[in-house]
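Start counting at 1 in the sequence shown, then tack on 24, and there's your number in our numbering.
Just so it is clear, CB atoms sit at the ideal spot from N, CA and C, and this is done for glycine as well.
To start, the structure under review is shown below, and the notes come after it.
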Amino acid sequence: MSPKVFVSHASEDKDRFVLQFAERLRQKGIDAWLDKWEMLPGDSLVDKIFEEGIKEAKAVIVVLSKFSVEKPWVREELNAAFVKRINNGSKLIPIVIDDCEVPEALKSTLWEPIADLSAYDKSFDRIVASIYGANDRPPIGPQPEYVQSFVQAIGNLNNIDSLVLRFSCEEVLKTGNAFVNPERVFLKDDKPILPEDELKDSLEILDGGGYIKLMRTLGGGFFPYQITTYGFDVYANASIPDYQGKIAAVVSAIVNEKLMSNAKIQERLKENKIIVDHILNVLENKGHIKQSKMIGGLSEIFNVSPSLKRALSGG
């Protein structure tokens with residue numbers, strides 16, 4: 025079902041911004057409710073939202089302008105209690121289209137400023153990404169390409185961060201290179217498959233959470249990065265079929281068959297080298313083995329803990 029969004033606005037802003045904005049939302053697969061949300065003299069925003077269908081809304085967009093900030097429904101009703109009630113069951117997205125005073129209750133809420141009503145693609149992309157943060161597959165119009173790639177969330181990550189981590193790990197599995205060039209992964213026909221700001225934010229969040237390690241350099245653009253053992257393990261548990269079975273197979277190859285190098289284990293199991301190397305790193309981090317890594321990617325196991333044998337036997 026399409027995400028439903030209420031666009032609350034002053035009548036003075038309808039022709040100059042709101043009609044075209046709502047049409048763009050619908051083109052992105054978002055069911056934008058507009059006409060019944062035009063605030064006329066005497067209307068109550070509280071009544072409209074809480075008596076006419078807040079349960080149906082994934083988001084409530086409030087258009088703040090030099091006209092709307094003078095209306096009673098903004099000056100008197102947009103208070104902290106109102107904002108809290110909205111965010112408990114939906115998402116409040118203020119859009120500021122004029123140089124006007126933002127209500128005090130909204131100053132702690134992330135709001136989207138639009139300086140040029142004829143050119144606001146980046147702002148629009150951020151609004152769409154915010155709406156789709158918790159929604160999948162609307163049938164109205166074509167979705168943004170990145171939304172169509174949402175399959176399942178990974179761990180505690182949201183849809184966009186899960187997508188970035190999944191695409192990154194899949195690139196590592198495909199190339200065999202532990203370092204990821206984001207311009208290679210997230211550009212299609214020289215255009216980002218995610219809004220640029222969303223991708224940059226996601227990479228920073230993944231770096232801060234220990235999923236990736238950004239290789240920061242001087243200059244602009246996107247930094248290359250490396251998937252951490254933790255990050256790949258979170259991805260593998262969520263996305264690699266029978267991942268636990270693959271771990272058991274590697275452990276068995278070490279304990280039962282005495283295979284003591286990544287190359288021999290990979291050859292025996294006919295498994296992707298990245299997966300074998302990752303499992304060995306996980307086992308080493310847990311203290312089950314010790315390995316010596318050499319130039320060229322070869323890894324030799326020189327110590328196997330009794331705990332690994334016990335883990336294999338289930339003891």
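If you drop the 5 nearest sequence neighbours on each side, which residues of the same chain put their C-beta closer than 6 angstroms to that of D214? Around D214: no qualifying Cβ.
Work out the CA separation of K115 and S276 for me, nearest whole Å. Distance between the alpha carbons of S276 and K115 is about 50 angstroms.
Which residues in the same chain have their Cβ closer than 6 angstroms to the Cβ of A158, if we skip the five residues on either side of it in sequence? Residue confidence for A158 is low, a pLDDT of 41 falling below 50, so the modelled location carries little weight; the figure read from the coordinates is stated next. Apart from sequence neighbours up to five positions away, no residue of its chain approaches A158 with a beta-carbon distance below 6 angstroms.
Alpha carbon to alpha carbon, how far is I303 from F326? Give it in angstroms, no decimals. Cα to Cα, F326 sits roughly 16 angstroms from I303.
Burial state of N286 (16 or more Cβ within 10 Å): Burial call: buried.
Take L130 and list the residues in its own chain whose beta-carbon comes closer than 6 angstroms to its own, dropping the five residues that flank it on each side. Excluding five sequence positions before and after L130, the CB atoms of its chain that fall closer than 6 angstroms to its own CB belong to P118, given in chain order.
Report, in whole angstroms, the separation of the C-beta atoms of I85 and V126, which I expect to be a contact under 8 angstroms. About 14 angstroms; that fails the 8 angstroms criterion.
Go to F30, then tell me how far its beta strand (DSSP E) extends in each direction, as first and last residue. Where F30 is concerned, the enclosing beta strand (DSSP E) stretches over 28–34.
Close-in-space but distant-in-sequence residues of the same chain around V19 (CB under 6 angstroms, 5 per side omitted): Since the first residue shown for the chain is 25 and the last is 339, residue 19 is missing from the structure and cannot be characterised.
Does E136 come out as helix, strand or coil in the three-state DSSP assignment? The answer is strand: DSSP assigns E136 an E or B state.
Apart from the five residues just before and just after E21, which ones in its own chain have a Cβ nearer than 6 angstroms to its Cβ? One cannot answer for residue 21 here, as it falls past the ends of the chain, which runs 25 to 339.
Note down the Cα distance separating D301 from I151, rounded to an integer number of angstroms. Near 40 angstroms, if we compare the C-alpha coordinates of I151 and D301.
Give a yes or no on whether the C-beta atoms belonging to P219 and D149 are separated by under 7 angstroms. Cβ distance < 7 angstroms, so P219 and D149 count as in contact.
So within the region 173–252, which uninterrupted beta strand (DSSP E) runs reach at least 3 residues, ignoring any that extend past its ends? Taken in chain order, the unbroken stretches of beta strand (DSSP E) that lie wholly in the region 173–252 and span 3 residues or more are 236–238, 249–251.
Do you know whose CA, among L336, S331, N305, lies nearest L322's CA? Of the listed residues, the one whose Cα sits closest to L322 is N305.
So what does DSSP say about N305, is it helix, strand or coil? Helix, per DSSP.
Through-space distance from G243 to K314, alpha-carbon basis: Rounded to whole angstroms, K314 to G243 spans 39 angstroms at the Cα level.
With distances taken Cα to Cα, identify the nearest neighbour of K82 among H312, L227, L181, D55. When H312, L227, L181, D55 are compared, the shortest CA-CA separation from K82 is found for D55.
Residue range of the unbroken alpha helix (DSSP H) whose run includes S276: Per DSSP, S276 belongs to the alpha helix (DSSP H) from 267–279.
In terms of residue numbering, what span does the alpha helix (DSSP H) encompassing I151 cover? Bounds of the alpha helix (DSSP H) holding I151 are 145–155.
Validate contact between the region 233–241 and the region 250–269 using beta carbons, cut 8 angstroms, 3 pairs: Under the 8 angstroms Cβ criterion, the region 233–241 counts as touching the region 250–269, having at least three qualifying pairs.
Near I229, which residues of its chain fall below 7 angstroms by C-beta distance, leaving aside the five closest residues on each side in sequence? Result list for I229: D185, in chain order.
What residue range does the beta strand (DSSP E) around A46 cover? Here A46 belongs to no beta strand (DSSP E); instead the alpha helix (DSSP H) covers 43–51.
Roughly how many angstroms separate the alpha carbons of D37 and D225, rounded to a whole number? Just so you know, the alpha carbons of D37 and D225 end up roughly 31 angstroms apart.
Is the beta carbon of S92 closer than 7 angstroms to that of V98? Taking a C-beta distance under 7 angstroms as the contact criterion, V98 and S92 qualify as a contact pair.
How far does the beta strand (DSSP E) with E324 in it extend, from its first residue to its last? Per DSSP, E324 belongs to the beta strand (DSSP E) from 323–328.
Could you check if Q290 is buried or exposed, using at least 16 other CB atoms within 10 Å of its CB as the buried criterion? In the assembly as shown, Q290 is a buried residue. Its beta-carbon has 16 or more other beta-carbons within 10 Å.
Y267 and I178: beta carbons closer than 7 angstroms? Cβ distance not < 7 angstroms, so Y267 and I178 don't count as in contact.
L88: first and last residue of the uninterrupted alpha helix (DSSP H) it sits in: Per DSSP, L88 belongs to no alpha helix (DSSP H); it is in the beta strand (DSSP E), 83–88.
According to DSSP, L130 sits in a beta bridge with which residue or residues? Partner(s): none; L130 has no beta bridge.
So I299 and L332 are in contact, right, with Cβ under 8 angstroms, and what is the actual spacing, rounded? The beta-carbon distance between I299 and L332, rounded to whole angstroms, is 18 angstroms. This is too long to meet the 8 angstroms contact definition.
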